[in-house]
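The next block holds one structure in the form of structure tokens; read it before the comments.
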Amino acid sequence: MNLSKNAKFLRLNGAISAATTDVTNMTSIDMLGYQAVTLLVSAAAITTGAVTTVKMQASSDDGSADAYSDLEGTSVSISDTSDSTLTVLEIANPQKRYLKPVITRGTQNAAFEGVFAICTGPKVAPVTQSTTHVTILELHHAPDEGTA
Numbered sequence: 137m138n139l140s141k142n143a144k145f146l147r148l149n150g151a152i153s154a155a156t157t158d159v160t161n162m163t164s165i166d167m168l169g170y171q172a173v174t175l176l177v178s179a180a181a182i183t184t185g186a187v188t189t190v191k192m193q194a195s196s197d198d199g200s201a202d203a204y205s206d207l208e209g210t211s212v213s214i215s216d217t218s219d220s221t222l223t224v225l226e227i228a229n230p231q232k233r234y235l236k237p238v239i240t241r242g243t244q245n246a247a248f249e250g251v252f253a254i255c256t257g258p259k260v261a262p263v264t265q266s267t268t269h270v271t272i273l274e275l276h277h278a279p280d281e282g283t284a
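Here the sequence shown is numbered in this note's numbering, starting from 137 and rising by one per residue.
Written as structure tokens, this is what we have:
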């Protein structure tokens with residue numbers, strides 16, 4: 137299986153500056169036609185003593201009438217020694233169509249390089265990527281040595 141043909145890649149948020157305020161305005165993930173999503177939260181500098189978590193919320197209508205609410209058990213602590221690392225959270229078979237990550241930050245500054253999602257288990261493949269999120273996607277099957 138080739139991931140590039142069987143997954144939807146999303147950039148939910150670019151760089152997030154150091155602060156102690158929560159990040160709640162990320163792009164939502166539309167799970168229509170997908171079985172699972174893997175969230176990748178790329179930490180930058182996290183100040184010693186920072187209390188930082190990432191969690192996933194869900195809504196049936198992208199927050200219009202059904203407000204986003206926490207998904208049970210999805211809150212993951214990001215250690216203050218996790219500078220320049222990834223926190224990975226996977227949700228399989230969500231009960232509602234839309235998902236959205238939330239980063240909570242308290243006590244000390246925490247910065248992030250970006251937040252990304254990979255939707256997998258498509259009902260229809262190959263997956264067509266959104267040009268809003270992906271500008272180049274190449275698959276090279278069994279390439280030979282030579283000029284790149």
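Glycine included, every Cβ here is placed at the ideal spot set by N, Cα and C.
In this structure, the straight-line span from the alpha carbon of T188 to that of P279 is close to 42 Å. For A181, the closest alpha carbon among the candidates A154, M137 and I254 is that of A154. With respect to the 8 Å criterion, S205 and A194 are classified as neighbours on the basis of their beta carbons. Each of T283, E274, H269 and F248 was checked against the Cα of A151, and the nearest Cα belongs to F248.
The DSSP-derived three-state label of K141 is helix. I272 is the residue among T283, I272 and A284 whose C-alpha sits nearest the C-alpha of K141.
In the DSSP assignment, I239 forms a beta bridge with V159 and V190. The stretch 262-269 makes no contact with the stretch 226-233; the number of CB pairs closer than 8 Å stays below 3.
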